[in-house]
Amino acid sequence: MAKKDKVILAYSGGLDTTVIIPWLKENYDYDVIAVCIDVGQGDDWKKIKDRALKTGASACYVVDAREEYITDYIFPAVKANCVYEDKYLLGTSTARPLIGKILVEYARQEKAVAICHGATGKGNDQIRFELAIKAFAP
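Set out below in structure tokens:
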């Protein structure tokens with residue numbers, strides 16, 4: 011039996027990334043590896059990991075990136091007074107480059123042929139993820 015190509019999935023445990031696991035398997039015959047990245051959002055990672063595996067992921071990694079996120083992203087943003095329209099802190103947007111970096115690391119480690127995320131075109135996250143991934147894996 012031939013080995014299947016692997017895909018890394020930025021897995022949040024939400025509806026979109028949960029539904030895409032069987033979809034990727036059925037439509038592309040991928041071996042789906044879920045990667046969950048904890049930047050301090052307070053999720054139940056055991057429950058999320060179990061959901062990924064029950065839905066068909068062959069593996070699910072939970073990466074504790076809180077320290078790196080605070081040290082390398084939040085502290086510099088606070089020092090630079092990063093605020094959008096004088097009121098919005100940039101927590102979500104500052105996390106995306108770190109998430110992209112970690113996804114690329116796991117893609118290389120697993121020898122994956124692709125990286126997938128569940129961000130839709132309705133916001134800027136799709137662009138943030140894709141540009142971060144391209145920056146770390148041109």
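Just so we're aligned, residue 11 is where the sequence shown starts under the numbering used here, counting upward by one. Glycine included, C-beta positions come from ideal geometry on N, C-alpha and C.
Per DSSP, the continuous beta strand (DSSP E) segment holding residue 19 begins and ends at 16 to 20.
The segment 54 to 136 contains, as complete beta strand (DSSP E) runs of 3+ residues, the segments 69 to 74 and 124 to 126 (chain order).
Residue 61 and residue 16 have their C-alpha atoms roughly 19 Å apart.
Rounded to the nearest angstrom, the gap between the Cα atoms of residue 103 and residue 31 is 25 Å.
For residue 49, there is no enclosing alpha helix (DSSP H), since its DSSP letter is neither H nor E.
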